[in-house]
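Everything on this sheet refers to the single structure shown next.
In this note's numbering, the protein residues as written are 211 to 474.
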């Protein structure tokens, strides 16, 4: 892909501003547009999910230094971890979306799953892939009622879960670094798959993020309150949200509650 971009003169001159890059990409003419098509085999180059059987090796014959080695017993096929099986039913195209970031969901999921290319990386119970897969499965079962024993049906619900689920606006982080995104994603799955106690623990840990919304509510409340008043209103809103029965509230829902708080 880089070779094709170079041949199309994308890197012919320096690009000191992001706008120059955007314009050059918009005007780009590729001699072979097919290189833009990304297949699953282009991304996943690791070991197969199931370990294949290894046939037995008979003992060698001969004398002296050149004599053959000892016999080696056959090794039966070994299936991969059953709790990861449903991920093997998820084709790459199922995670593609329209827009400027077609593989955002794929990238997010891949980052959260961590190393998965080798069987050794997938086997430990504490491996990131095993932890995230368990949370994914629990969230899908709780949200959509899909049977946990049907790997194919679980996989079909992953794009729907990634597209339609998020932390309540009140508890979302404002930082965009990868590890904050990972923490947000993990907490979102825990809120979806866990019970009321798990949800409450996450809310209490994330309530400190609510104060960053003070400036936002200054923009939507008329007349605009001072920063101190906005922060106070957000604190009251947080108390209301923590006692709300809904799993997640949209910004519109929060503003409706906030209206009652302001009047109260």
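The C-beta atom is built at its ideal place from N, Cα and C for all residues, glycine as well.
This one's a predicted model, so the numbers in the text were calculated from it and none came from an experiment.
List the whole-angstrom C-beta distance separating residue i from residue j, where the pair is believed to meet the contact cut-off of C-beta under 8 Å.
{"i": "residue 362", "j": "residue 299", "result": "5 Å"}
{"i": "residue 284", "j": "residue 265", "result": "6 Å"}
{"i": "residue 305", "j": "residue 319", "result": "7 Å"}
Could you name the residues of the same chain whose beta carbon sits closer than 8 Å to that of residue i, not counting the 5 residues immediately before and after it, in chain order?
{"i": "residue 389", "result": "none"}
{"i": "residue 354", "result": "367, 370, 371"}
{"i": "residue 337", "result": "324, 325, 331"}
{"i": "residue 321", "result": "388, 391, 392"}
Out of curiosity, what's the CA-to-CA distance linking residue i and residue j?
{"i": "residue 333", "j": "residue 218", "result": "44 Å"}
{"i": "residue 290", "j": "residue 231", "result": "44 Å"}
{"i": "residue 229", "j": "residue 236", "result": "11 Å"}
{"i": "residue 412", "j": "residue 345", "result": "14 Å"}
{"i": "residue 329", "j": "residue 223", "result": "44 Å"}
{"i": "residue 234", "j": "residue 339", "result": "38 Å"}
{"i": "residue 382", "j": "residue 396", "result": "12 Å"}
{"i": "residue 386", "j": "residue 419", "result": "14 Å"}
{"i": "residue 213", "j": "residue 416", "result": "45 Å"}
{"i": "residue 380", "j": "residue 400", "result": "16 Å"}
{"i": "residue 310", "j": "residue 359", "result": "36 Å"}
{"i": "residue 357", "j": "residue 296", "result": "12 Å"}
{"i": "residue 215", "j": "residue 241", "result": "9 Å"}
{"i": "residue 226", "j": "residue 220", "result": "13 Å"}
{"i": "residue 407", "j": "residue 392", "result": "21 Å"}
{"i": "residue 244", "j": "residue 365", "result": "28 Å"}
Does residue i come within less than 9 Å of chain C when only Cβ atoms are used?
{"i": "residue 401", "result": "The displayed structure is made up of one protein chain only, and chain C is not part of it."}
Near residue i, what residues of its chain come up, given a Cβ to Cβ distance below 6 Å and the 5 sequence neighbours on each side ignored?
{"i": "residue 317", "result": "none"}
{"i": "residue 259", "result": "290, 298"}
{"i": "residue 409", "result": "401"}
{"i": "residue 257", "result": "328, 329"}
Would you list the one or two residues that DSSP bridges to residue i?
{"i": "residue 264", "result": "285"}
If I measure Cβ to Cβ from residue i and keep anything under 7 Å in the same chain, skipping five residues before and after, which residues do I get?
{"i": "residue 403", "result": "345, 348, 349, 352"}
{"i": "residue 394", "result": "377, 382, 383"}
Notebook entry, point to check: Which ranges does the alpha helix (DSSP H) cover as unbroken runs of at least 4 residues, wholly within the segment 321-371, from first to last along the chain?
Noted result: 329-332, 338-354
Margin query: Threshold first: 4 residues or longer. Then list the alpha helix (DSSP H) segments lying entirely within the segment 277-317, N to C.
Written below: none
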